[in-house]
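Colleague: Those letters in the sequence shown? Residues 12 to 690, by our numbering.
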Amino acid sequence: MTSPAGPPPTGGGGEQRRVRLLAVTACPTGIAHTYMAAEKLAQAAESRGIDMKVETQGSIGAENVLDDNDVRQADGVIVAADKDVDLSRFAGKRVLTVGVAEGIRHPEQLIERVLSAPVHTGGGAPTVPASGGGKERSAGYRALMNGVSYMIPFVVVGGLLIAISLSLGGHTDPSGGLVIPEDSFWMDVNNIGVIGFTLMVPILSGYIAYAIGDRPALVPGMIGGWIANTGELYDSKAGAGFIGAIVTGFLAGYLVLWIKKVKVPKFVQPIMPIIVIPIVATTALGLFFIYVIGKPISWVFEHLTDWLGGMTGTSAVLLGAILGLMIAFDMGGPVNKTAFLFGAGLIATGNQTVMGMCAAAIPVMPLGQGLATLLRRRLYSEQERETGFAALFMGCFGISEGAIPFAAARPAQVIPANMLGGAVAGAIAGVAGVEDAVPHGGPIVAVLGAVSGVPMFFVAVVIGSVVTALTTVALVDVSERRGAPALAGAGAAVPEAVLVGASVGGATESAKPVAGVGSSVEEAEEAGEVLSGHLTERTVRVRLDATDKEAAITEMAGLLARGGRVVDADELVAAALRREEQGTTGLGEEIAIPHAKTDAVSAPVVGFARSDEGVEWDSPDGTKARLVFMIAVPEAAAGDEHLRILSLLSRRLMDAGFRERLLAAPDEAAVVEVLREVG
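Structural data, given as structure tokens:
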């Protein structure tokens with residue numbers, strides 16, 4: 012239990028107790044803003060004689076974590092964060108929640124404001140910054156990304172296990188489709204994969220709800236997602252799939268928020284979050300979906316089936332295009348299942364061409380989305396690219412769910428692209444008369460001999476996948492230029508795509524520096540090297556000629572190349588610009604630290620340049636960047652040296668005197684001498 016908040020301590024009869032404050036700083040991408048805000052708050056507190064402990068939640072994990080004793084003794088808590096922070100541990104304390112930029116720009120004001128901030132009552136949702144976080148995503152977007160990030164491992168694990176079991180243990184059976192012997196080892200592997208897929212939709216729904224309504228929303232969100240995915244509960248042959256899960260996730264989250272606002276007697280309050288809210292929300296949401304939302308889904312399923320039945324005598328191109336559109340629309344939902352079951356049902360009548368159209372369209376979504384991540388890598392985060400590889404593998408085995416993470420994250424761009432590619436593949440298969448003798452799709456059925464017209468089947472799949480990939484990258488590129496949200500490791504649980512590494516394992520002062528190419532720190536200093544040998548006089552320039560951000564990054568990449576560790580300058584520039592799309596690396600105080608993790612460099616390297624006029628960098632305080640550092644590390648860089656450097660720089664640059672010495676240094680050698688202070 013934490014002690015309740017009261018007025019600021021005034022002492023009485025003895026020595027006055029110093030005010031004790033806590034703070035949590037966090038930013039959604041990188042770690043620089045996190046550490047800069049922490050340093051600013053610590054400096055402001057020290058100048059006022061206030062004890063402050065700051066917990067930082069950056070890419071390297073939480074450091075200087077606040078324990079129960081810290082919270083018990085605290086007079087207030089400042090949360091300067093642009094991502095969700097769990098406030099439940101601060102129940103009974105004064106809590107001020109702002110964006111991370113406010114911690115950098117106005118630390119003194121925050122310290123004054125927190126002593127009169129409202130008392131946190133507990134049970135609330137994770138914090139959403141109240142002000143000034145820069146390009147902060149909406150709460151709805153962050154909730155969606157939270158669900159997607161937790162869902163991805165279930166999609167990948169379930170899909171790959173099913174694919175492996177089908178490829179190694181499956182065979183075609185005209186009476187049973189693509190089957191695995193019931194008593195075989197591979198059936199057990201397949202069943203494990205099916206469990207992963209079964210949990211995928213409830214996980215998506217549950218963690219969307221959790222991001223909105225905190226723990227009490229997790230149960231109704233997950234159960235609501237399970238109901239949405241189980242069509243039998245509302246007389247439908249197909250569940251609502253991932254689209255239904257998104258609906259139930261948001262409904263559960265906001266329903267819980269609404270219930271929390273209901274005034275209840277004090278004796279009921281302790282059981283509200285663990286008993287009352289989950290039961291009421293789960294029951295209400297479940298019945299609402301079964302009796303209200305489920306009926307239209309069942310109606311759609313039945314009428315789409317009847318409609319398709321009336322089209323069997325129409326043009327094969329038109330029917331194939333329509334089936335492809337339906338297959339690609341919701342990847343397991345009622346529209347997709349209507350087309351699939353329609354084609355599968357006709358196999359028994361001797362009509363295998365309809366299933367051939369469906370089989371060609373089924374792999375297009377995962378193959379197309381996976382191909383898109385290869386064609387335009389800069390548009391995708393590292394996690395998306397990894398998911399793209401898994402999607403390519405799943406696509407080969409006819410597992411269309413491999414594209415669901417992409418569709419859930421960017422529905423406005425991905426679903427139309429999927430539908431266009433699916434329509435093209437279905438139409439080509441229709442006009443070519445491709446047949447499929449088993450109710451399954453993807454290249455696996457052709458390899459196993461269930462498809463007639465194999466060459467045209469592959470032509471249909473390849474063309475459809477390419478159309479999906481090209482359409483996706485075009486739509487995503489347009490949306491990025493307009494500032495539309497993209498999957499970034501964003502949100503509360505979305506894994507970040509920039510400079511992600513292992514935990515430092517303690518305060519930065521205790522981290523052991525590792526000099527470049529095996530030399531000691533002292534040897535590196537004698538050779539004019541600092542920052543563990545990653546920065547030398549060769550990677551320092553006292554005058555930056557560029558006048559805009561992109562030109563500055565290009566110039567900095569050329570500067571890093573002088574250190575002999577850059578193997579592809581163009582890719583380094585592209586990687587750094589991709590990082591900027593996730594959020595500006597302009598930190599304020601006339602500082603920018605662009606950084607990239609890419610195999611365009613063979614070893615970690617750091618550069619510094621100074622701009623007399625300043626470069627517009629979208630910094631939170633509106634200042635132009637005059638002090639520009641650039642950090643680049645290879646993808647496979649061992650350890651966390653780059654994160655240590657970034658955190659040390661971020662903290663040291665908060666010292667106005669240090670910045671003034673950097674600005675005043677007359678030449679490269681003098682700059683290096685100043686930078687030795689970083690450590």
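Ideal placement from N, C-alpha and C gives every residue a C-beta, glycine not left out. Computed from a predicted model, the values in this text were never measured in an experiment.
Taking contact to mean at least 3 C-beta pairs separated by less than 8 Å, is the segment 161 to 177 in contact with the segment 120 to 134?
Modeller: no
Colleague: Taking 7 Å as the cut-off, decide whether the C-beta atoms of Gly114 and Ala85 are in contact.
Modeller: The answer is no: Cβ separation not under 7 Å.
Colleague: Which term fits Trp628, buried or exposed, when burial requires 16 or more other beta carbons within 10 angstroms of its beta carbon?
Modeller: buried
Colleague: From the DSSP output, in three-state form, read off Met665 for me.
Modeller: coil
Colleague: Can you have a look at Arg558 and say buried or exposed, based on whether 16 or more other CB atoms are within 10 angstroms of its CB?
Modeller: A small correction: the amino acid at residue 558 is Thr; Arg does not occupy that position in the sequence shown. When all chains shown are included, Thr558 counts as exposed.
Colleague: For the beta strand (DSSP E) holding Phe640, just list the boundary residues, first then last.
Modeller: Ala636 to Val644
Colleague: So which of Leu486, Val639 and Gly406 has the shortest CA-CA distance to Val456?
Modeller: Gly406
Colleague: Say whether the segment 356 to 368 touches the segment 435 to 450, bearing in mind that this needs 3 or more beta-carbon pairs closer than 8 Å, one atom from each stretch.
Modeller: yes
Colleague: Quick check on DSSP: helix, strand or coil for Lys608?
Modeller: strand
Colleague: With DSSP collapsed to three states, give me the class of Gly650.
Modeller: Residue placement at Gly650 is flagged as unreliable, the pLDDT there being 45, under the threshold of 50; a coordinate-derived value is accordingly withheld.
Colleague: Do the CB positions of Thr547 and Gly618 come within less than 7 Å of each other?
Modeller: Cβ distance not < 7 Å, so Thr547 and Gly618 don't count as in contact.
Colleague: Is the Cβ-Cβ distance between Gly264 and Ser216 less than 7 Å?
Modeller: no
Colleague: Report all residues from its chain with a CB closer than 7 Å to the CB of Trp237; omit the five preceding and five following residues, and keep chain order.
Modeller: Pro213
Colleague: Using a Cβ-Cβ cutoff of less than 6 Å, which residues in the same chain neighbour Ala649 once the five nearest sequence positions on both sides are dropped?
Modeller: Low local confidence applies: a pLDDT of 42 at Ala649 is under 50, so the model's placement there is unreliable, and no value is given.
Colleague: Please check the pair Asn240 and Ala256, which I expect to be a contact at CB under 8 Å, by giving their CB distance rounded to whole angstroms.
Modeller: About 7 Å separates the two Cβ atoms, so the contact holds.
Colleague: Which of helix, strand or coil does DSSP assign to Arg621?
Modeller: When DSSP states are grouped into helix, strand and coil, Arg621 belongs to the strand group.
Colleague: Within a Cβ cutoff of 7 Å, which residues of the same chain sit near Ile234, ignoring the five residues on either side of it in sequence?
Modeller: Contacts found: Thr293 and Gly297.
Colleague: Specify, as a first and last residue, the run of the beta strand (DSSP E) that Arg421 falls within.
Modeller: Here Arg421 belongs to no beta strand (DSSP E), and DSSP marks it neither H nor E.
Colleague: Drop a sphere of 10 angstroms on the beta-carbon of Pro192, count the other beta-carbons inside from all chains shown, and report buried for 16 or more, exposed for fewer.
Modeller: exposed
Colleague: Would you mind working out which of Val689, Ile656, Pro677 and Phe196 sits nearest Phe669, comparing C-alpha positions?
Modeller: Val689
Colleague: Check the DSSP bridge columns for Asp62 and list the partner residues they point to.
Modeller: By DSSP's assignment, Asp62 forms a beta bridge with Arg31.
Colleague: In this structure, how does DSSP classify Thr547 when only helix, strand and coil are distinguished?
Modeller: strand
Colleague: Quick one: complete alpha helix (DSSP H) runs, 4+ long, within the segment 432 to 501?
Modeller: Every alpha helix (DSSP H) stretch that sits fully inside the segment 432 to 501 and reaches 4 residues is listed by chain position as 454 to 458 and 465 to 492.
Colleague: On a Cα-Cα basis, can you pick out the residue from Ala372, Val303, Met198 and Ile223 that is closest to Tyr245?
Modeller: Val303
Colleague: Are there 16 or more other CB atoms within 10 angstroms of the CB of His451, so buried, or fewer, so exposed?
Modeller: Around the beta-carbon of His451, 16 or more other beta-carbon atoms lie within 10 Å, marking it buried.
Colleague: Pull up the distance between the alpha-carbon of Ala572 and that of Pro631, whole angstroms please.
Modeller: 29 Å
Colleague: With Val200 as the anchor, note down where its alpha helix (DSSP H) starts and where it stops.
Modeller: Phe196 to Gly224
Colleague: Would Gly381 and Leu403 be called neighbours here (beta carbons separated by less than 7 Å)?
Modeller: yes
Colleague: Do Ala580 and Pro605 have their C-beta atoms within less than 7 Å of each other?
Modeller: no
Colleague: Does the beta-carbon distance from Val346 to Ala436 come in below 7 Å?
Modeller: Contact: no.
Colleague: When DSSP labels each residue in this structure, what does Leu542 get in the three-state scheme?
Modeller: coil
Colleague: Is the separation between the beta-carbon of Ala636 and that of Gly594 shorter than 7 Å?
Modeller: It is not a contact, given that the beta carbons lie outside the stated cut-off.
Colleague: With contact counted as at least three CB pairs below 8 Å, one residue from each stretch, are the segment 457 to 475 and the segment 351 to 360 in contact?
Modeller: no
Colleague: To the nearest angstrom, report how far apart Ser613 and Leu155 are at their CA atoms.
Modeller: 36 Å
Colleague: Any idea if Pro677 is buried or exposed, counting beta-carbon neighbours within 10 angstroms, 16 or more meaning buried?
Modeller: exposed
Colleague: Using the C-alpha atoms, what's the distance from Val445 back to Met467?
Modeller: 7 Å
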